[in-house]
Amino acid sequence: MKVKDDTNFYLSDEVYNSSYLKAGQKIKLTNKETWITINSVNKENGLQAIAVVPLKDYKDYNNGKLKKYTHIVFVSRGSEELNDWKENLGLVVKEDDKEGQFKVYDKFVNDTLGKFKTQDYSFTGHSLGGGLAQYEAVKHLKPAVTFAAARAFNKLTDKEQKKALNGEYWDLIKDYYHSDDVVGMLPPNAEVFYRQYLMKRNSSENNLDKFEEFYDENRKTIQKLNGFKEEVISAALAFNNKDKELGNWIKENSKGW
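Just so you know, we're using UniProt numbering here: the sequence shown kicks off at 1 and counts up by one.
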């Protein structure tokens, strides 16, 4: 089963609705698809995520017609609270506190895969949630479609970083972003090791909603970015864990959101 990009987009949007953390909850998407939450995580460190399956699979699985799901999508929420911004700042370094979102999310994914049998699975998310999705894509060698994702490169092991620089994950991850999305630029010292697509904006005040223009019936032209590295404060930040300097940079570059 191939999950469509617009499905990933709408799931990445709906995960911000905390009511969908409840197992068995129906998630009706704008593209007329319906997905069901089968597992979720909601931690004090800011992590919120769900594992979802198509409605038909859910019914067939619970009726005994299916012994395993066709496809599970893991959807991780983006940056909203102070803890999420602390996690964004933590992307600078490889080390992750044992209660950090990356390690906790990795455990959630593995626990879910141990609990539910599935033929395949993938990852999606927006902002910090996109960084979590990219991280898990590398760990499991499964696809991820992300939106303005924080860069997960510095969280990878040395071996994974080497593979990333050699292009081994290039076709595994696809990220849609806008040139002025601040979280998608974090951290500035991290390599972009996946395909990126630069999107045009619409007039919405909601950052994730601004991707909607891509999915209109009159599809807008997008630019494929082969190995593109956007010009991000190349001379502005010597990234030596200077939180104050980074904070000033975030404030400056988030103007107009």
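Positions of the beta carbon are idealized from the N, C-alpha and C atoms, including for glycine.
Check	Outcome
Aspartate 120, enclosing beta strand (DSSP E) - first and last residue	118 to 126
Local conformation of lysine 26 per DSSP, three classes	strand
Integer Cβ distance of threonine 146 from alanine 133, believed to fall under 8 Å	5 Å
Nearest-angstrom beta carbon gap, lysine 117 and leucine 68 [assumed within contact, 8 Å]	Checking the displayed sequence, the identity of residue 68 turns out to be lysine instead of leucine. Yes, lysine 68 and lysine 117 are in contact; Cβ-Cβ is about 4 Å, under 8 Å.
Simplified DSSP assignment, three categories, for tyrosine 194	coil
DSSP-derived helix/strand/coil call for alanine 137	helix
Beta carbon of glycine 24 nearer than 8 Å to that of serine 76	no
Extent of the continuous alpha helix (DSSP H) run through alanine 164	158 to 165
Where the beta strand (DSSP E) containing phenylalanine 147 begins and where it ends	144 to 147
Pick from Ala152, Ser127, Ser122 and Lys155 that is closest to histidine 140, judged by C-alpha positions	Ser122
Cut-off 6 Å between Cβ atoms - residues of its own chain near alanine 152, not counting five sequence neighbours on either side	Gly131, Gln134 and Tyr135
Inter-residue Cα distance where the pair is glycine 114 and tyrosine 61	16 Å
Short Cβ contact (8 Å threshold) for phenylalanine 108 with valine 41	yes
Bridge-paired residues (DSSP) for tryptophan 170	Note: tryptophan 170 sits in no beta bridge, so no partner.
For valine 104, the three-state DSSP class (helix, strand or coil)	helix
Under 8 Å between C-beta atoms of leucine 55 and threonine 34	yes
Helix, strand or coil at tyrosine 20 according to DSSP, with G and I counted as helix	helix
Coil, strand or helix - valine 73 by DSSP	strand
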